[in-house]
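Following: one structure in structure tokens, then a few remarks.
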């Protein structure tokens with residue numbers, strides 16, 4: 013009985029040592045619940061292995077910081093460590109790593125303010141007692157984590173997570189990161205002031221300060237998201253213009269083809285009547301080339317090339333090639349959105365653009381100006397293939413040397429394109445590029461593994 017009374021007395025009276033000891037498992041619980049929350053809200057893909065690794069490493073690190081660094085400074089150290097852990101262990105982007113901290117600190121600060129004030133009113137105690145009395149501290153933090161866990165489940169149930177950050181431009185992401193860093197600094201200061209000076213500050217001032225901070229954060233994020241939506245709309249308009257351009261060219265070619273159809277039939281009839289088979293074969297070959305151009309324009313359709321960034325790039329390159337009388341043959345046998353599941357679309361479009369530019373430069377010098385572009389899947393090896401073939405004149409080209417920095421056979425070119433491609437490949441262990449050549453075609457086979 014005396015033992016139970018001693019334990020209860022230790023839990024219900026200020027005891028900094030017990031609070032620090034119970035803080036060890038609470039830290040792991042805090043990290044776990046917060047991880048569930050921000051990975052759900054920000055749509056961060058994780059594996060069980062990465063989540064376990066994050067929980068263990070960050071949990072141990074956070075406890076070491078708590079026990080080795082004064083409390084007033086430990087808050088700021090943890091604020092720096094948090095996004096680093098998210099970025100390097102959970103493999104989230106820099107922007108999402110920073111936002112993971114902000115959105116979690118905002119919601120937990122609000123919940124702590126609410127529950128702390130409820131306890132202050134119910135038990136008629138001071139904020140110092142909430143921080144130093146083990147039972148009060150335990151009830152407050154468990155209440156916070158319970159509500160946060162429920163919020164996470166509701167977000168997951170109603171699918172209200174944020175995905176717009178995946179499609180932001182680099183400029184918008186940079187602006188948002190700077191804004192987020194400032195928010196973190198202000199949140200840290202606010203957290204420090206509320207924790208250590210709440211007794212000397214009126215509750216009204218604390219509430220107004222917190223609400224103003226949250227309002228500023230919401231308005232800032234809302235403004236940046238709207239700017240991002242405008243950028244997305246601009247890209248959609250550019251893609252729509254490309255589609256309209258494709259349809260206009262296709263319409264003109266079909267009209268021209270229809271207008272000349274009678275003449276074509278009469279010409280074929282002339283060869284048949286005169287039994288001029290060699291002439292008919294030559295005429296057919298020329299007619300086939302014209303038909304292939306029309307077929308390629310059918311392939312250059314948003315319904316076939318169903319990724320906006322890839323479509324815009326291919327449409328632009330197609331028009332450039334058309335001006336140079338280069339024939340591009342497009343073959344798409346997969347859902348191009350699958351590429352984004354395997355690599356950054358920014359890196360993919362850079363690689364594709366460089367390869368297409370090189371192919372056009374080489375084909376332009378040939379009598380037969382042909383480029384074949386094929387997108388397909390290799391099911392047996394679980395990879396996506398992008399194969400670009402082009403006619404070329406320089407049969408002595410070294411397929412290894414072309415990847416070196418500054419090496420180029422073209423005048424007024426830096427020779428950095430393929431070198432940059434190799435740099436991207438070196439930073440991604442699921443990408444390969446094989447270069448081959450024969451008497452007719454120079455071939456680049458870009459492989460993207462799962």
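In our numbering, the protein residues as written are 13 to 462. In this text, a Cβ means the ideal position worked out from N, Cα and C, and glycines have one as well.
Identity of the residues DSSP links to residue i by a beta bridge
i           : result
residue 461 : 395
residue 171 : Answer is none; residue 171 lacks a bridge partner.
residue 76  : Paired residues: none, contrary to the question.
residue 389 : 396
residue 402 : 383 and 454
residue 448 : 455
residue 544 : No statement about residue 544 is possible, as the shown extent of the chain runs from 13 to 462 and does not include it.
residue 443 : 460
Residue from the options with nearest C-alpha to residue i
i           : options               : result
residue 460 : 442, 31, 152 and 452  : 442
residue 52  : 171, 194 and 248      : 171
residue 115 : 280, 383, 47 and 325  : 47
residue 456 : 350, 437, 398 and 462 : 398
residue 382 : 358, 341 and 293      : 341
residue 78  : 129, 89 and 68        : 89
residue 164 : 371, 54, 429 and 438  : 54
residue 143 : 438, 23, 295 and 95   : 23
residue 450 : 462, 416 and 401      : 401
residue 239 : 195, 281, 394 and 187 : 187
residue 316 : 59, 388 and 103       : 388
residue 161 : 366, 221, 80 and 49   : 49
residue 368 : 458, 38 and 410       : 458
residue 409 : 453, 437, 393 and 384 : 453
residue 393 : 360, 85 and 462       : 462
Cα-Cα separation, residue i to residue j
i           : j           : result
residue 380 : residue 405 : 10 Å
residue 153 : residue 124 : 8 Å
residue 363 : residue 433 : 6 Å
residue 244 : residue 348 : 19 Å
residue 56  : residue 20  : 42 Å
residue 332 : residue 197 : 49 Å
residue 97  : residue 62  : 11 Å
residue 42  : residue 193 : 22 Å
residue 33  : residue 201 : 26 Å
residue 429 : residue 224 : 49 Å
residue 288 : residue 391 : 47 Å
residue 325 : residue 411 : 25 Å
Residue j beta carbon less than 8 Å from that of residue i
i           : j           : result
residue 149 : residue 31  : yes
residue 155 : residue 135 : no
residue 122 : residue 131 : no
residue 386 : residue 343 : yes
residue 119 : residue 65  : no
residue 414 : residue 350 : no
residue 279 : residue 295 : yes
residue 168 : residue 232 : no
residue 109 : residue 95  : yes
residue 40  : residue 67  : yes
residue 299 : residue 276 : yes
Looking at C-beta atoms only, is the number of pairs between the region 367–382 and the region 333–351 that lie closer than 8 Å three or more?
-> yes
Taking three-plus beta-carbon pairs below 8 Å as touching, is the region 351–358 in contact with the region 436–455?
-> Contact holds: three or more Cβ-Cβ distances are below 8 Å.
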